[in-house]
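The structure appears below as structure tokens.
4 protein chains.
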Amino acid sequence: MQRVVDLRSDTVTRPSTGMRRAMAEAEVGDDVFGEDPTVRELEEYVAELLEKPAALYAPSGTMTNQISLNLGCGRGEEAILHEEAHVFNYEAGAPAMLSGVQVRPVAGERGRVSPEALRRAVRPENVHFAPARLLCLENTHNACGGLVYPVVPFAATAAEARDLGLRVHLDGARLFNAAVATGEPASAWCRHADTVSVCSSKGLGAPVGSLIAGSREDIERARHVRKAFGGGMRQAGVIAAASLYAFRNNIERLAEDHERARRLAEGLADAGYAVEPPETNIVLVASESPDALLRDLADRGVLATPGRSGYVRLCTHLDIDDRDIEYAVRVAAEVRTENP
Amino acid sequence: MQRVVDLRSDTVTRPSTGMRRAMAEAEVGDDVFGEDPTVRELEEYVAELLEKPAALYAPSGTMTNQISLNLGCGRGEEAILHEEAHVFNYEAGAPAMLSGVQVRPVAGERGRVSPEALRRAVRPENVHFAPARLLCLENTHNACGGLVYPVVPFAATAAEARDLGLRVHLDGARLFNAAVATGEPASAWCRHADTVSVCSSKGLGAPVGSLIAGSREDIERARHVRKAFGGGMRQAGVIAAASLYAFRNNIERLAEDHERARRLAEGLADAGYAVEPPETNIVLVASESPDALLRDLADRGVLATPGRSGYVRLCTHLDIDDRDIEYAVRVAAEVRTENP
Amino acid sequence: MQRVVDLRSDTVTRPSTGMRRAMAEAEVGDDVFGEDPTVRELEEYVAELLEKPAALYAPSGTMTNQISLNLGCGRGEEAILHEEAHVFNYEAGAPAMLSGVQVRPVAGERGRVSPEALRRAVRPENVHFAPARLLCLENTHNACGGLVYPVVPFAATAAEARDLGLRVHLDGARLFNAAVATGEPASAWCRHADTVSVCSSKGLGAPVGSLIAGSREDIERARHVRKAFGGGMRQAGVIAAASLYAFRNNIERLAEDHERARRLAEGLADAGYAVEPPETNIVLVASESPDALLRDLADRGVLATPGRSGYVRLCTHLDIDDRDIEYAVRVAAEVRTENP
Amino acid sequence: MQRVVDLRSDTVTRPSTGMRRAMAEAEVGDDVFGEDPTVRELEEYVAELLEKPAALYAPSGTMTNQISLNLGCGRGEEAILHEEAHVFNYEAGAPAMLSGVQVRPVAGERGRVSPEALRRAVRPENVHFAPARLLCLENTHNACGGLVYPVVPFAATAAEARDLGLRVHLDGARLFNAAVATGEPASAWCRHADTVSVCSSKGLGAPVGSLIAGSREDIERARHVRKAFGGGMRQAGVIAAASLYAFRNNIERLAEDHERARRLAEGLADAGYAVEPPETNIVLVASESPDALLRDLADRGVLATPGRSGYVRLCTHLDIDDRDIEYAVRVAAEVRTENP
Ligand SMILES: [Ca+2]
Ligand SMILES: [Ca+2]
Ligand SMILES: [Ca+2]
Ligand SMILES: [Ca+2]
Ligand SMILES: [Ca+2]
Ligand SMILES: [Ca+2]
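Chains as they are written, first to last, in our numbering: chain A, -8 to 331; chain B, -8 to 331; chain C, -8 to 331; chain D, -8 to 331.
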């Protein structure tokens, strides 16, 4: 059987033996009644990790992001975000659909929204304008290739937002990649945001689940919104156990994914590809015909996805080891030799 | 330690050893890529069970009901349902919030909507009226005390709905209770509905999860709506395995819950309570001061919930055995003796 | 040419010569810039009349009601109203469509919501429940036959609403009919409501226009919502002049419409019809076959509309004089003679 | 008293004597019953003018645009438009608020969306993506300075839209300015669009009112949406008469506004201002401190508005004559001399 190296996303990981055991042994209760001890433990663990007063578990990162939008904006109000933001581009139009919120995308280098760009995007009080109420920032930035949003510019834009009367949401689906890559604690960003969402099912390797963290009052409201969105689950401890395991065991090891992404990028560059230098676990390879390159790689068992226009995207994660990287580089080199 | 008999809901069950084992051994993949074999198997199993072309897994019954509403009604259109319906009363205003759908509640005996009541509720084409597009029926009917909606009147109202140009959704959160209580297959009702939602986390005892079944086209659209609602999960096989186990192993045994509910009702009646004769696993006890009765029972470890106004509601399930029933009856009798 | 007596609605009136002159001479400006002096004058006039701090002009009663709902309820929150309310039944599903608001209809005699019924309808804080935030009362009550909601029970229910933490909106499309019929000033009801909508295009005889009145802060928000709803108009003074004329000249004369409705009802009763005794300008006639009766009347030039199920509805207004009433009674008597 | 030259917008015009007379003499009826002969005549007149099967009158251009969005996109679907589009920037967030529609803004020269930009903006079928269903184009383009969207590139992008399965809406608030400026009939653009909105209250000089034109089926649906949006009016003939007068009498004369805009631009350029050469009735003047310039002009009675960032915007219309232009130029020259 052909070797398969699945670099499509860090969401594809399968629960490890330890994680499976945690799930099997999880103490559970009815979380809609607030009685699942594992869910509670997870929520407290993550709240502490992010240095926020409270947190809430939900089935997906889309749901925690959309709950945050709902908390931050009323009907007909505006959320400002980067034009490549996940909330705008990959969440199925949910801001408008679920919350009646208009999204205002803003251009910016490296997935960032500069204080100046933010100020330009926020318009004065006027009946013609949807009032801007929320700034969403994303870290690491998925569509821009896993780039870290450094604390200093992040804090500057968040300060500008506050100055303009906006709340701040941090889409931190891959926040721990940023933390590990920079050595900063996750809370270094969280302290500049009202709400933060983090995912356990991406690089951390849990099968399911995301959390939103914020003030006690926001999380109380979030619980209500989660119910309306259909995210209230019963004995959710069976999956929360996996998420708790992920937060406890799999954060530091993200450094390995980053190191492998670096080696993958190096190998691909050596093989003649134009590669964006990775900052975390995502590698973008420029290609004139991404579909053809994806097909050629897949024929040899190396799976990747289209990145933004003109790019192929490869993603390392905890089911990828050194030999997978070597194999992927070798295969990519062969493809290049055959299609120079 | 005091014995606790938790009769608050059939959602409180904890996964059994067999179910835990199924979860621990589940083969998984990324379900957002459509690659989780356990989720697929579950969806196919339930589709066949309900005799529908396709089914889709989601984190809650609220989500599958609300997806059905979204499929059945556009913005500013109307869903007609019983005034005690779960979709109207217990789903946090989601029809209006998520889909812009107005709900038109209709009175009716035993949780039913008669063909005449339906016809009266549907108004003619006129710019003043929200056009009625969907009828929602619920079986068994939760707020009405787990009453079965027999096939004949169900089919009659569904036929009337079709005649009026409406789609039909069956909120079958406890459909298998109706099936087991009557000896009819679940499909006897499903064939009169365009979409059906069923829950694995109620009497069937799984920790999490609900499915919506319908035509292939509807389920394809449902997949899109689920993503926007935040219900797309990754390695969902870890919980789908429990749901699959529940559908395979726990349907027939609902008869035991029904038998225990019957004995519970009998015992309570013998102790002097005014009890509605149960048809499935829910027992409604009339009380002039339900809050006081709930508190007195809880003081002795018997947990129940408020039913509709003037009632206390007790619910049997697979974590309740014969001795729990005996204990609950004995405690209730004591309470009555002390507060005649 | 056959005489036509149009009793379908008090909306059918055509502007009088005096009203036309007021329109022709109206001073105007751009109301979106807040510069139309006639609109401002109208808004101030109505605010004073209702003893509210501020008012806002809009193109229709549906719009002013829906703005009030939007001010009073967030997404997924609940407005409680009578099951025959105009807001629920004749506004095209707008509460859900425009504002994501769930409507909870309540039964009640004579179009009223009793304090007890209100209390029962408001449910406790719980993630399953859409939080109730707004009570809507209607006076006079259109679908119930123009019945007056007397001040005392109105105030009692409004007090209960406040006690329950709800805001109160008064749909006063025909509030001046209630005022004239009882001798109470309109403000007697308005003081119990946060927002009030009144129409100039019903009994008052203007061609177009409704106003919402309330606190300065609410009206400021209302201005923003009106813009989003598409209700911002430019030189609206040309129609506001007609509305201002209507408020200045046509309130007291509603007494004539009431007197004619009384005589119409008397005449119909004498002719053998089962008539609900009118309190204002609407007459409900019970009929086993309303459609046939409407057709028979229309064949002779008397136009009416279906009332609630089993009723025909006739409405007096300022284009109906004594001879119109005599004619309508005579025609109805003939119809009855021919179809006993 | 100081002379005032109001160049803020072509919406500020006041109805002329002839228009006032048309209003005063208008035959009216109840348009909610479809019985206002003047509204009908207006709708037929505009439908013919645009060569569309049907048209519908509504109180504002925001409402007709938003009805078109509602017809063209379901909840959670996407409308693609230019980043400076009125629908996105000046309609108070209505696409998301009223219809749950996500807007995807696209950059482009001169207010245009190129076929290539459109194709890039439309993403493939995928649960992560809000499906694109509608392209909105604007002609003339307001925020870009009244620029004409020539027929050839307009048709090319519309053809691309169709090829991609999208509907096309033309925001033609100032379509007749484009028609008069180019000598093309308005229908030259309309034939490439499914729905078109045109305003009577801008350059055409009516006090109120906009129309949406399209297929009979779309206009029937539009009538329903208009009711829900609160745009159903009663004896609307009193204002429709002004709109009808405007369409009949004030289209050709837009050439005078364009000529005056040209002379205004020339005069300003001669006075040393950096002026964008106008194509229709809007003049954009670059300024390092637009607020100061606006204030200085207003001090001398010349009123203008901020244009897009870094610009002041002046707009000619039928209440501006040659002497107004001379005065404005003289004043602007003085301001410049004093603040070189
Ligand atoms: Ca995973
Ligand atoms: Ca369970
Ligand atoms: Ca009228
Ligand atoms: Ca009822
Ligand atoms: Ca005007
Ligand atoms: Ca002038």
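Where a beta carbon is used, it is the ideal one built from N, C-alpha and C, also for glycine.
Among the CB atoms of chain C, one or more fall inside 8 Å of the CB of ARG214 of chain A.
Within the same chain, and ignoring the five residues on either side of TYR236 of chain B in sequence, the residues whose Cβ sits closer than 6 Å to its Cβ are MET10, ALA13. The stretch 212 to 224 of chain D makes contact with the stretch 207 to 224 of chain C, as at least three CB pairs between them are under 8 Å. Taking 3 residues as the minimum length, the beta strand (DSSP E) runs contained wholly in the stretch 162 to 193 of chain D are 186 to 190, in order along the chain. As for any alpha helix (DSSP H) of minimum length 4 sitting wholly inside the stretch -3 to 54 of chain D, the runs are 8 to 16, 28 to 41, ordered along the chain.
Taking the CA atoms as reference points, TYR318 of chain A sits about 26 Å from VAL171 of chain A.
At least one CB of chain D lies nearer than 8 Å to the CB of ALA219 of chain B.
The Cβ atoms of ILE210 of chain B and ALA46 of chain B lie closer than 8 Å to each other. Taking all protein chains shown into account, SER0 of chain B has 16 or more neighbouring C-beta atoms within 10 Å of its C-beta and is therefore buried.
For TYR264 of chain C, there is no enclosing beta strand (DSSP E), as DSSP marks it with neither H nor E. Note on the stretch 189 to 237 of chain B: whole beta strand (DSSP E) runs with a minimum of 3 residues are 201 to 205, in chain order. Distance between ASP287 of chain D and VAL30 of chain C, taken at the CA atoms: about 29 Å.
Within the stretch 81 to 152 of chain C, complete alpha helix (DSSP H) segments of at least 4 residues are found at 85 to 90, 106 to 112, given in chain order.
The continuous beta strand (DSSP E) containing LEU305 of chain B extends over residues 302 to 306. Less than 8 Å separates the beta-carbon of VAL19 of chain C from that of VAL229 of chain C. Short of 6 Å from the beta carbon of ALA246 of chain C, and not among the five residues preceding or following it, lie these beta carbons of its own chain, in chain order: VAL171. Spanning the alpha carbons of LEU126 of chain C and PHE79 of chain C requires a straight line of approximately 12 Å. Put simply, of D:GLU257, D:ASN330, D:ALA295 the residue whose alpha carbon is nearest the alpha carbon of VAL(-5) of chain D is D:ALA295. One alpha carbon belongs to ARG103 of chain D, the other to GLY163 of chain A, and they sit about 36 Å apart. Inter-residue distance for GLY301 of chain B and SER280 of chain B is about 7 Å (C-alpha atoms, whole angstroms). At a Cβ-Cβ threshold of 8 Å, LEU40 of chain B and VAL92 of chain B do not count as neighbours. Listed by position along chain D, the residues whose Cβ is nearer than 7 Å to that of ARG225 of chain C are THR2, SER192, PRO198, VAL199.
Closest in C-alpha terms to ALA108 of chain A, from the list A:HIS119, A:LEU89, A:GLU116, A:LEU128, comes A:LEU128.
Beta-bridge partners assigned by DSSP to LEU155 of chain A: none are found. DSSP, reduced to helix, strand and coil, places GLU257 of chain A within a helical segment of the structure shown. Judged by DSSP in its simplified three-state form, ILE316 of chain D adopts helix.
It is roughly 16 Å from the alpha-carbon of GLU82 of chain C to the alpha-carbon of ARG165 of chain C. For ARG66 of chain A, same chain residues with a beta-carbon under 8 Å away, outside a window of 5 residues either side, are SER90, GLY91, VAL92 in chain order. At a beta-carbon threshold of 7 Å, the residues of chain D lying near ARG5 of chain C are VAL19, GLN226, ordered along the chain. DSSP, read as helix, strand or coil, puts THR296 of chain C in strand. VAL320 of chain A places its beta carbon less than 8 Å from that of ALA262 of chain A.
By alpha-carbon distance to TYR140 of chain C, the top candidate from C:ASN168, C:TYR264, C:GLY292, C:GLY298 is C:ASN168.
A straight-line Cα-Cα distance of about 27 Å links LEU155 of chain B and GLY52 of chain B.
For LEU285 of chain A, the enclosing alpha helix (DSSP H) covers residues 281 to 290. Shown here, ILE311 of chain D sits in coil according to DSSP, grouped into three states, outside any helix or strand. Secondary structure of ALA70 of chain C (DSSP, three-state): strand.
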